[in-house]
Structure formats: C-alpha cells, structure tokens
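Working notes, beginning with the structure itself.
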Amino acid sequence: MSAHPSRPSFWHRIHIDLPLLSGLLALMGFGLFVIYSAGGENLALMERQLVRMGLGIAIMFCVAQINPEILKRWALPIYIAGIILLLGVHFFGEVNKGAQRWLNLGFMEFQPSELIKLAFPITMAWYISKHPLPPKKRHLAVAGVILLIPTLLIAKQPDLGTSILVAASGIFVLFLSGMSWAIVLGFIAVILAMLPVLWFFLMHDYQRTRVLTLLDPEKDPLGAGYHIIQSKIAIGSGGVWGKGWLQGTQSQLEFLPERHTDFIFAVVGEEFGLMGSILLLALYLYIIGRGLVIASRAQTSFARLLAGSITLTFFVYIFVNMGMVSGILPVVGVPLPLISYGGTSMLTLMTGFGILMSIQTHRRFIDR
Amino acid sequence: MSPKKRVAMHNHAAEASLFKRRALFTFCCVVIMLGILFGNLYHLQVTSHQDYQTRSNDNRIRVVPVAPSRGLIYDRHGQLLAENQPFYSIEMVPEKVKDIDQSLIELGTLIPISEEDIESLKRSLKYHRRFKPMTIKSRLTEDQVALFSVNQHKFPGFKVNAGLKRHYPYDGLMTHVLGYVGKINTKDRARLERNNLWQNYAATKDIGKQGVEKFYETLLHGKPGHLEEEVNNRGRTIRTLKVVQPEPGQDIHLTLDLKLQQKAVELLDGRRGSVVAIDPNDGGILAMVSSPSYDPNQFVHGISRKSYHQLLNDASRPLINRATQGQYAPASTVKPHLGLLALEEKVVSENTRIHDPGYWQIPGVERKYRDWRKWGHGWVNIHDSIVNSCDTYFYDSAYKLGIDKISSFMDPFGFGQNTGIDLYEESAGIMPSRDWKRMRYNQPWYIGDTISVGIGQGYWTTTPLQLANATAILANDGKRFTPHLLKSIEDKTARIETPLDEQAPIALKNPNNWEIINRSMRKTAEKSRFADATYTAAMKTGTAQIFSVAEDAKYDADSVDEFLRDNALIIAYAPFEKPQIVLAVVLENAGWGGVNAGPVARALLDEYMLRDQWSKK
C-alpha cells in the first residue's frame, strides 16, 4: 500500500504535513491579532508570544522527524518518569495561586503534568495496540489503572483542567480502539452514578462554587459571577460583525478579566463578532478534520490511536475553553489552544502536532 | 515487525476499519458539539445582542451630572439681592502626589490647615479612590487662592477647584423675604422625588429653604447638564464622549424697593416688629421687614448647631416672618373698615352724632366698656371718631351691626385668610364669627365678644401683611390685588412681567362711603403726624392690648412685663388723591401706636414720597 505512488514531495521529505501546517499558521496569525488587542497593544507581549510560536513550530518540526516507532519504544519509560515527577510535585512542589503544580528545577519552573499530557496517550496507545483490537476486558482494566494514576495525581494538585485533558486523551484511545459499546455505555452510567459522590466528597468548595456560578452568575455579579458575566457581556455585545479590532470596550477598558489568557475568546467574540467566532470554529474544525484524516490513514493501530487521541484532546481544549467563556461550562483553567497567551500549552500542543506530522510522513518507511 | 508467539495475532484490516468507523463517529460528535457552541454564540451575539450591548454600555459609560447655576434675585430697580459667589477649595489627587505628608506640611506653611483637618484627611484617605480628587481645604480667600496659584508648581497633584455658592450681600436686611438656600436634606429629597424633580438635582447641593428662594425654587434652579464619560473597570475616566451644558436658572426681579427696605430696617433698629409696604396699584410688596432678623449666609455654608439653637431659642423669635406669620390684634387700625360697614349698613350716617361719656354699656347691662380717654370725647360723628379713635362710637355701632355682618363684610378685605402672597411662610390670622367660635372653643357667641371686635380687639388677629392689604383695598375704593413679591422673570431673551392678579373689587351699595372713610383717615393724618408733610397722607393708628386690665384699673406701662405691654400699630398711605404706597407698621410691646409707630410711618412715607419721581417705579 502506498499513498504516495510518485516521488515524495519536498514537504514530505522534511516530514511536514502542509495542510495541517497551513491550518496551524492561519490560527496562529489570527491569534497574534487578538493578542495584540487583548494585551492592550503591548508590543513586548506580542513579541514574547511570537517567540513562543516560533519555538513551538521548531519543536513541532523536530518531533516530526522522530519515527513513531521510536516514540512507541520510549512511551513506558517517559510515562513512569512522568508519574515519578508528579509524585515529586505532590511532595516537593511549589505552591502557586493555591495549587501545587510546579517543580523548581533551579533554572526553570516545570510542570510535570504537561509532560504527562504527552506521554500518557503514547503509553495508552502503545499498551492497547500491543493486543489485538478490540481490546479484551483484562487489558481494559490495566488501561484503566494506567489512566487513573496520573489523572488522580493531577486532579489532586488541584488542576482540574489538565486532569480532564489527560483522562480524555486516555479515554479517546480506548474508545477509538473499538472498546465494546456495552462497556462504553456502562462506563457512562458509572460516571453519572458517581456524580453525587464527586459533588459531595471529591470536589473542592471553589469548584462547587464554579458550577453553581455557571447556573446563576447574577447571584454574585461582583464576586464569583464576575468573570462569566463580563465575558458573556463582551461576547454578546459583539453582535454579528463585532465592534472592530482594538475597539472592544469590555476588553480595552479592562472589564474583562484574564482577557489575553483563558478568556481571550471573549475578545474574539467582542471585536470580531459572530463572524470572527465562526472563522475560529471553522479553523479548528479544519485542523481536527485533518488530524482525523491523518489518524485514519496511519498504517499501525498504535499510530492511529495516538493520532486520534491527540486530535480529539485538541478538541477538548477548544470545547472546554469556549464553553467556559461563553457560559455553558463551569470555569476550568484550560486555555484556548494556540490563541491564548502563554508558553506551556503552546509547546505541548505543537509537540502533539509534530507527532501527527511524524505519523503522516513516516508511513512509507513502515514495512510489514 | 514479527509478533511473538504468545501475542495473539492482529487482524490489521479489521482493526483499521474498526478505527475508521469510530473516528467517523467521533468526528460527527465533534461537529455536533461545535454546533452546540455555535448555537450558544448565536444566542449571545444575535438573539440577546441588544441586551448585552446595553450592559456593555452601562459598564463603560458614566454620566456625570453638571449643576446649573442658580438664578439671581434683584430688587425692582435692578439691585442685586442674591448672587452666586465663587467658592474656592484646594483639591488633591492622591495618586499624583509622591509624598502626601510632606506636601501637606509644605501647604500648611502657605495656607493654615489645622491638625484636626490633617488627621481627618489621613483617615479618609484610606477609603478614597486614589485617582479621585479630594478636598483638602475649602472656603479659601482670594488672597489664599493667589498665594497658592503662585506656588502651584511646588504641589503637583494639587489644584484649586472653583464652584459657586449663594451669597446674600445685604445679610439680614430681608432674610424673611429672600429666605436662603441650604444643603438638600432627606425631607427636600422626598419632596423632589414626589414631584418627579429629583433627577434635576443630581448635581445640585443646595435648595431654597425659605422665602422667595423656596417659593421660586423651580424658576431659580434651572436644568442640569451632564457629561458622558468613558470609564475603565476601576472607574477612571478615559475620555469625555459628550457634554450637555446645564441650563442656568432664571433671574428674577422682586417688587421690593431696596432703599425703602433699608430705611424700614434702619427705623425699626432691631426692635421687635414688622413693616409692610404695598404698591396699591398692583399689589407689589415694596418693603417687608420682620425684626429682629438674622444673617441668611450662615445657613448657606451650614450653620453650626450652637448658632442654630441660639436663633431657635431667642425670646425675640428672629426665625419667624412677623410680616406674614405674626398675628396681632389690629386694634384701632381697623376702625376705618368698621366705620365703612356702619355707613354701608346705615347704622350711622356721616352726620350721626353720639355722646361719649368715657364708657359704653350694653343696654340694660351694668358693665362698662371703657374708652381709652377716661373722660370721654363728648359729642362725636364718624370723622371725629376716627380722628380721635373714639372707642365708644365703635362699641355702639358694633353692637348695632352684630358679629355676622362684621365678619362677612371683613372677609373680602382678606382678614382671617391667607393673602396668597408668593411665600410659603404665611398665617391666616383670625376673623372671628359664630361658626369660628363654635369650631374653635365649642362655645356660643356672646354680645360682649362683638363689642371687643368692634375696636379690633378680642378674637380678631391679623398679620401686618393682611393689615397693609386691607388698607390698600380701602385706599383703592375696593379694588383688590393679590399681594406679591415677584415683579418679573428674566427669560433668555425678554423680561416677562408678572401679570396683574386683580380680584373682583368690593362693591358698596353706596360707593360714596369710600370717600367718607378715606377723608377721615386723611383728616387723622392732617391733625397729627403728617400735619407738616409736603405730600398728602392718610393714616390710622392703633394700640393693641395684650394684657387685660381689670374694668376699673389703670394701665401703667412701666409696671407690666415688657412682653405684656401694648403693641403699637399704624396704617398709612400716600398720596391721598392717588395712592402709591400703603404701609402697615407693628411694633411689639412699644406702647401707644401714634407715639411709637407713627414716626416710623412718617419717615418711610417721606423716604418714598420725597425722592425723585423716576426712582419710584
């Protein structure tokens, strides 16, 4: 089987998937405009974001050169290292904004949960694809343990956003592997049954407040409800065509909190209106679509599951962030991928896209 | 890749196709969930757009009201009676001052600031928005403003703020007429809210509390303007979007004659009493004095509790307007009116003469009603009785008239009711009647009551304003005008004169009677105080008893308490042929009307009648 009957193209040879790259670049370009406005026309801020984007593309390019088979071999050691680091955070981590997420490595602050975000789906895909698909129940049980360890460790930090992303990436691997519908439905039923337990015993007070705030933000408009109210006002006041670039009063006059980080989508909605939101949704849908195409075309189950998981986790970012900013999901600290200001998520995401490109461009070398 | 033996065989084609099905399914889920996001965005940005647009504007636009400047008040000749004076204060924007303590110490070397002020400033600093100006020192003098301005460069973040405050240049000269403005209190606010005017006062600090300032508040206040400012989330002004200038209040001219008012105050000289002067041709008040008075300016800046209590508890009651609220027995000053009624009812004619032995008795009753002249006036007609104020003559005619006729005849002269003057501070006085007495005391009317009323005593009380007004009607042969203080309103382009408020005149069965009574008053003037006047005046005095003296006892002014001595009254007008000014003067506890109130009336008519003709109108 050969998708490239003729001589491989230049892009293929340097392991770049052009359709995916153009989608990413379009998204980043759009993001730069929004950052410039949301950051109060701060050029230094924009410069830093530009550097991060460059760094992200460089990392993506490097990762794309690595054969997925090599990743497969390193999956378990990286996963184990990640778990050890998470335990390290648990016992020695830096406390910042009330959460214990950072390890001080002396020269830089490091979040092991970001490493797990990458290592975990690889491990999961590796483990599941070792056995014939659809997976057997005992393999699913082992996979469940592999999934629960990092999820719980991260949720305990507490970093609900990341633990959701990690759990989702593992669940996607299981679902895509062809786990039987009966188990899927049973799983959903168990989660629903667990909700009260989660609410009463596992959630922190501030997390419960966030959920309650979502249901009625006007109850405390200057306290808990402030973020969500101002964000909805920003989006709603944008209308169909938006107030225009740099003209968003909610963002420019600083009524909108966290406007260049987690709540940046509200700036898009305010300044570019429904049209800007549609453009953004379309770009995201395009990237997700391309990711799933790459996954479907991959030649091994491992590559398929990994590519699918990475792509769908990207979607979870989008859905959780936009849902939160537009007021249909509780506030969870998940950035808007490739648009929000900030380095860590950018580098993690671009590494993921590097893996996707690697999977897409290393197919011909795989020999059966 | 070669699978190890113990590892089950992979069916690659089946696994790939299974994956494709699952991937397609998840893609469909993704599209549906993005559809949900889109639906929510559509709801926010299209369906509810208007709502969020409004809320966004509410966030960013602050409307700052701007107070209108208050209309000025002039007298009839254009003399300024109430003005707006610049009022300077030094303000500081905390965030623009590097070292507040040091700056305050340095400022203290230029302009005295007390230790307490600094202490309270520092306390309020904690709760103050750092970019909002706060007042450091108010009521600066012009010198202090100049001194600060020269040194302004040493005080970054400090600036002089100028505002306007009401000022009454003549202090207490006509406090009871002008009233004053003061800080809007909760009662004022409730009233404004009731009348839907509260939004006009968003930036206004003061409101008319008394007198003309209160009565013409709506004219004087004007309409506020506003600034629309764009603010950020901390309330800092980013830029001004729109300015709507306030509409200043209207200037008004009063009918008052400043010179006459000054003369009247000078003549009363702080004694308790009142003067009202009316122009009988239109009802305009030329002078209205209530003495003693007080300085209205102290109310503008907020009077201290101590000073206010002093005014409130002062035995001479400076706070009430005696001219409109003081209720005095009119005594002999209403004899002309009573005489007019007697003529009208043909109880007497111009030539009827009765004998006055110094007392009068109800037929068949022993009790004697004494005349003020113990030995009597002998044979008197109506003219003699008015000139000499013969009590017996009026006892007799009151007896013959009865209270019903007296009461209903006096009604249209305005006794016992508000005159309708443009002041809220007015009392009605009492014009007694059978009904009134039954309502008030639940007692029947006695003939003796009528006899007292016959000489303007007993239950009958009037305000000086009522007395002057009733005299004006008499001097006018029954023409009646509502007394008023507002002469004209200065509109944007023109001066609008207050329209004449003429009421239906009093019609007599025999109009000749007007002339008879007025002639008596003219004779009274000729035979006494105004004998040597170069103009023709008419008058009648009165001495009102406050202290009832036993039937045969002698009243000795020196032996009774000051506050129980007789009130001295006089009514007068001039010129006789065509009256231009009507006066009523009341001096409390001053003794004889002619002796004590007379000189005041003479001096006032002199002042008004003898000045250049042009300055009267």
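So the protein lines, in turn, are chains F and P. full-length UniProt numbering puts the last residue of the first sequence at 368; the count rises by one with no breaks. full-length UniProt numbering puts the last residue of the second sequence at 617; the count rises by one with no breaks. The beta-carbon is built from N, C-alpha and C at its ideal position, and this holds for glycine as well.
#1: Just how far apart, CA to CA, sit Phe415(P) and Gly454(P)?
#2: Over the uninterrupted alpha helix (DSSP H) stretch that includes Val173(F), give me the two end residues.
#3: List, in chain order, every chain F residue whose beta-carbon is nearer than 8 angstroms to that of Phe158(P).
#4: For Leu115(F), which of helix, strand or coil comes out of DSSP?
#5: Look at the alpha carbon of Leu85(F) and the alpha carbon of Pro112(F), and state the distance between them as a whole number of angstroms.
#6: Within the chosen definition, does the stretch 582-592 of chain P reach the stretch 453-468 of chain P through at least 3 CB pairs nearer than 8 angstroms?
#7: Could you tell me whether any Cβ in chain P is nearer than 8 angstroms to the Cβ of residue 386(F)?
#8: How many angstroms separate the CA atom of Asp75(P) from the CA atom of Thr482(P)?
#9: For the 8 angstroms Cβ check, are there 3 or more pairs between the stretch 52-61 of chain P and the stretch 110-129 of chain P?
#10: In chain order, what residues of the stretch 237-258 of chain F put their CB closer than 7 angstroms to some CB of chain P?
#11: Is the CB-CB distance between Pro330(P) and Gly456(P) below 8 angstroms?
#12: What residues in its chain sit with their C-beta under 8 angstroms from that of residue 618(P), if we drop five residues either side in the sequence?
#13: What residue ranges within the stretch 423-495 of chain P form continuous alpha helix (DSSP H) runs of no fewer than 4 residues, ordered along the chain?
#14: Leaving out five residues on either side along the sequence, give the residues of the same chain with a beta carbon under 8 angstroms from the beta carbon of Gly78(P).
#15: Please report the distance separating the alpha-carbon of Gln49(F) from that of Gly333(F).
#16: State buried or exposed for Gly270(P), treating a residue as buried only when at least 16 other CB atoms are found within 10 Å of its CB.
#17: Tell me, to the nearest whole angstrom, how far the beta carbon of Leu173(P) is from that of Gln261(P); I am working on the premise that it is less than 8 angstroms.
#18: Since Ala168(F) and Val316(F) are thought to touch, with beta carbons under 8 angstroms apart, how far apart are those beta carbons, to the nearest angstrom?
#19: So, under 8 angstroms CB-CB, Ile149(F) and His139(F) are touching, yes? Tell me the CB distance rounded to an integer number of Å.
#20: Check whether chain P comes within 8 angstroms of Ala266(F), counting only Cβ atoms and requiring the distance to be less than that.
#21: Please classify Glu551(P): does DSSP put it in a helix, a strand, or coil?
#22: Is it true that the stretch 532-548 of chain P meets the stretch 301-316 of chain P, where meeting means three or more beta-carbon pairs spaced less than 8 angstroms apart?
#23: Give the single residue among Val51(F), Phe61(F), Asp205(F) and Met46(F) whose Cα lies nearest to the Cα of Gln360(F).
#24: From the DSSP secondary-structure annotation, give me the bridge partner or partners of Trp379(P).
#25: Closest to Ser251(F) by CA distance: which of Arg322(P), Ile517(P), Ala525(P) and Asn59(P) is it?
#26: Rounded to whole angstroms, what is the Cα-Cα separation between Val240(F) and Leu274(F)?
#27: Please determine, among Leu340(P), Gln325(P) and Pro292(P), the residue with the shortest C-alpha to C-alpha distance to Ala315(P).
#28: Is Lys137(F) a contact residue of the ligand FMN, with contact defined as CB to any heavy atom under 7 angstroms?
#29: Between the stretch 152-178 of chain F and chain P, which residues of the former have CB atoms less than 7 angstroms from a CB of the latter, in chain order?
#30: In terms of alpha-carbon separation, which member of Trp198(P), Glu217(P), Tyr459(P) and Tyr127(P) lies closest to Ser433(P)?
#31: Which first and last residues belong to the beta strand (DSSP E) in which Arg139(P) is found?
#32: Using three-state DSSP, classify Val585(P) as helix, strand or coil.
#33: With a cut-off of 8 angstroms, does the C-beta of Ala295(F) fall near any C-beta of chain P?
#34: Taking 8 angstroms as the CB-CB limit, is Arg363(F) close to chain P?
#35: Touching or not, the stretch 348-359 of chain F and the stretch 66-82 of chain F, by the rule of three or more beta carbon pairs under 8 angstroms?
#36: So, Leu241(P) versus Ile61(P), is the Cβ gap smaller than 8 angstroms?
Concretely, from the data shown:
#1: 14 angstroms
#2: Leu160 to Leu176
#3: Result: empty, since nearest Cβ-Cβ is about 28 angstroms, beyond 8 angstroms.
#4: helix
#5: 6 angstroms
#6: yes
#7: The structure shown does not extend to residue 386(F), since chain F is modelled only from 1 through 368, so no value can be given for it.
#8: 19 angstroms
#9: no
#10: Ser237, Gly238, Gly239, Val240, Thr249, Gln250, Leu253, Glu254 and Phe255
#11: yes
#12: Any answer about residue 618(P) is impossible in this case: the structure gives chain P only from 1 up to 617.
#13: 434-441, 447-453 and 464-475
#14: His253
#15: 19 angstroms
#16: exposed
#17: 6 angstroms
#18: 5 angstroms
#19: That belief does not hold up - the Cβ atoms of Ile149(F) and His139(F) are roughly 16 angstroms apart, past 8 angstroms.
#20: no
#21: Confidence at Glu551(P) is low in this model, with a pLDDT of 49, below 50, so the placement of that residue is unreliable and no value is reported for it.
#22: no
#23: Phe61(F)
#24: His355(P)
#25: Asn59(P)
#26: 5 angstroms
#27: Pro292(P)
#28: Ligands in the displayed structure: none, and consequently the ligand FMN is not present.
#29: Phe175, Leu176 and Gly178
#30: Tyr459(P)
#31: Met134 to Leu140
#32: strand
#33: yes
#34: no
#35: yes
#36: yes
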